[in-house]
Structures are given as structure tokens and as C-alpha cells.
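Here the numbering used here is used: the first residue of the sequence shown is 94, the next is one more, and so on. Working notes for the structure below.
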Amino acid sequence: MKPLAAAPLPFYLSAAHGERLCLYHAPAAHRPCLGGLVYVAPFAEEMNRSRRMAALQAQALAQQGVGVLLIDLYGCGDSAGELAEASWAVWRDDIGLAIDWLQQRVHAPVGLWGLRLGALLALEVARLRAADLALLLLWNPLADAQAYMTQFLRLQLAAGLGSACGQPANSVAALRAQLQQGQLLEVGGYELNGALVASIDGLQATALPPPGLPLHWLELVRDAALPLAPGSARLAQAWSLTPQTVTGPAFWSTPEVTTCPALIEASCAWVRTTLEHAHGL
94 MKPLAAAPLP FYLSAAHGER LCLYHAPAAH RPCLGGLVYV APFAEEMNRS
144 RRMAALQAQA LAQQGVGVLL IDLYGCGDSA GELAEASWAV WRDDIGLAID
194 WLQQRVHAPV GLWGLRLGAL LALEVARLRA ADLALLLLWN PLADAQAYMT
244 QFLRLQLAAG LGSACGQPAN SVAALRAQLQ QGQLLEVGGY ELNGALVASI
294 DGLQATALPP PGLPLHWLEL VRDAALPLAP GSARLAQAWS LTPQTVTGPA
344 FWSTPEVTTC PALIEASCAW VRTTLEHAHG L
């Protein structure tokens, strides 16, 4: 009989500008601890729609002896602050604090696991702290963050709304101009500031070669027989890396909660093998 997964440990991690809510899935007591992963969530509503998959993946890894730390970044979820006050630099620091905490907890190799925009944040942190990390797992990294943000801003145009100041806008360029002028912008219930949007716009995954540590890119697709999407194909060429494709629903964008067991299985297999290799097993 498979042992039941232990309940995750909720706690608040001290950080700049307040505390961050964390959930820690400890390695199963019946397994030796292989290491740990910090999960870097995607942006806005994608984060909420991905929570079930993140929890299932964390539970599965914990059962294999891998501790997983889930963190709500500043201004996100139940952590301190408002998204309107958030910055990319603060989020980067939050992930650094999470790495430090997990290293002290597991006393074993630690890595990062990121989804969508979170994959780019994980990649950036990994490039800065490659010496402290043992592996990097990416789920559907954004190939073009600016195009992603453009699509996100279009939600407001579709809703026929203006900025937080009530000024109408009829194009994404006009919305970006409002942000550059220091106005806050509410999109789909999320209030954005210009500095954060500019930071995301400036991310170019093709210009961020992966750091020198074990990296695995899992790309969830509708049909494995079809070629990669153009953006993903360009990213694969820039990185000289072929992603492992997994067929399943894009759970971060579906209105209902959806999961992909095959993605969880593929992730567990690679993480376990990589950490066992790090231990010389």
C-alpha cells in the first residue's frame, strides 16, 4: 500500500516589505532525502489555475524523497503587499530567500522548478546562483515575454476598461503609454505598475542561455505529432536544447481545474534521476 502523503507545512517566510506565505512538502519519512526544489509560479490568474498541478507535483516529488517549497511572491496570493507595488527584482530576491531556506532545511542539493513566466524567473535566478543549484526544471517557458504581456493587456481592451485613473484606451500601445506615465492599470482584477510590466517586456528567453547545470524543459502540447509552436522552436534553437513534449491540457489557462498526470510522471523521473546522479547513486 502506498504511504499517504504528509500534509504540507504552511508558514510565513520573513522577507523585505513583509512576509511570504510558503507551503513546504517535506520528503517522505520512508525515503532518503535526495534534495529539494523551489517552485516558481506563473503570473496572475495562471498562478491560481496552476495551484492544483503544483500541489500534485509537489506531493509526488515528496513521495520520492524530494522536498518542495511553494512560495507566494510579494504581492501575490496570501503574501504581503499588493501586486501594484511588486517588482521583478523583489520577486528575484524572494526566490533567493526560498533557496536559502530550503538548503538549510534539506541539507542536500537544491534546484528550481518554474512554469511559464515563472520559468523565466527561475532561469534568471539560476544564472545568478548557478553555484548554489543542482538542477533546473522548466515547464512551458515563455518564448516571448513581451508578446505574453501584450496578450495579457488585451484582456482589458476586451473588457472595455481604462486605467485605474479612468482614462480610456483603445490599443495595447496606449495602455503601455499610461503605464510609462506612472499610472496603475487594472487587468482582469490584477493591478499593474509600469516598472513591473517593463521588466517583463524586457525578458527575452532566447537571450538567456541556460546556466551550466542540469536543465530539463518539458513542453505540454495538445498533439505530440505536431511540430513545436514557432516561439518554442526558436527558443529550442537558441538554447540548442530539445524539449521533452508531453500531451495534455494547458492547465494554467483552462477555466476549470485540470491536471496532467503524464507531466507529473515525466518531471518526477527526471528530477529523481538527476538528484540520484548528484548523490553518486
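Every residue, glycine too, gets a C-beta built ideally from N, C-alpha and C.
Residue i burial status per 10 Å Cβ neighbour count (16 or more: buried)
i      : result
Val350 : exposed
Pro323 : exposed
Asp165 : buried
Ala298 : buried
Glu312 : buried
His370 : exposed
Leu102 : exposed
Ser346 : exposed
Gln271 : buried
Leu319 : exposed
Ser333 : exposed
Trp269 : Residue identity check: residue 269 is Arg in the sequence provided, not Trp. That one is buried.
Asp187 : buried
Pro348 : exposed
Helix, strand or coil at residue i according to DSSP, with G and I counted as helix
i      : result
Val203 : strand
His370 : helix
Gln103 : Note that residue 103 corresponds to Pro in the displayed sequence, not to Gln. Correct three-state label for Pro103: strand.
Gly128 : strand
Val314 : strand
Thr340 : strand
Gly160 : strand
Tyr167 : coil
Arg247 : helix
Leu377 : With the chain covering only 94 through 374, there is no way to say anything about residue 377.
Glu358 : helix
Trp51  : Past the edges of the chain, shown from 94 to 374, lies residue 51, and the structure says nothing about it.
Ala109 : coil
Glu175 : coil
Glu217 : helix
Glu279 : strand
Val350 : coil
Leu334 : coil
Trp232 : strand
Pro114 : Residue 114 is actually Leu in this sequence, not Pro. Leu114: strand per DSSP, three-state reduction.
Leu226 : coil
Ala328 : Residue identity check: residue 328 is Leu in the sequence provided, not Ala. Correct three-state label for Leu328: helix.
Leu306 : coil
For residue j and residue i, believed in contact at Cβ under 8 Å, the rounded distance
i      : j      : result
Gly204 : Leu229 : 6 Å
Leu289 : Ser180 : 6 Å
Leu154 : Val364 : 6 Å
Leu190 : Ala108 : 5 Å
Neighbourhood of residue i by C-beta distance below 6 Å, restricted to the same chain and skipping five residues each side
i      : result
Met140 : Ala134
Ala177 : Leu277, Glu284 and Asn286
Ile293 : Ala238 and Met242
Ala137 : Tyr283
Contacting residues, own chain, Cβ-Cβ under 8 Å from residue i (five flanking each side not counted)
i      : result
Glu112 : Tyr105, Leu106, Ser172 and Ala173
His213 : The sequence shown places Leu at residue 213, not His. Contacts found: Gly207, Pro234, Leu235, Ala238, Leu296, Ala298 and Leu301.
Cys353 : Met146, Leu313, Val339, Gly341, Pro342 and Phe344
Cys169 : Ala134, Met140, Leu176 and Ala179
Asn263 : Leu250
Contact test: residue i Cβ vs the ligand ZN heavy atom, cutoff 7 Å
i      : result
Asp186 : As far as ligands go, the structure on display features none, and thus does not contain the ligand ZN.
Same chain only: Cβ atoms within 7 Å of residue i, ignoring 5 sequence neighbours per side
i      : result
Leu163 : Cys115, Leu116, Tyr132, Ala147 and Ala151
Ala359 : Leu311, Gln337 and Val339
Thr367 : Leu228 and Pro307
Exercise for the section: Decide if the segment 292-307 is in contact with the segment 186-198; the criterion is three or more beta carbon pairs, one per stretch, under 8 Å apart. Expected result: As far as the Cβ criterion goes, the segment 292-307 does not touch the segment 186-198, which means the pair count is below three.
Handout entry: Given 8 Å, three or more beta-carbon pairs between the segment 153-162 and the segment 121-134
Key = Touching, per the Cβ criterion.
Practice task
Could you tell me whether the segment 268-282 touches the segment 242-250, where touching means 3 or more Cβ pairs closer than 8 Å?
Solution key: yes
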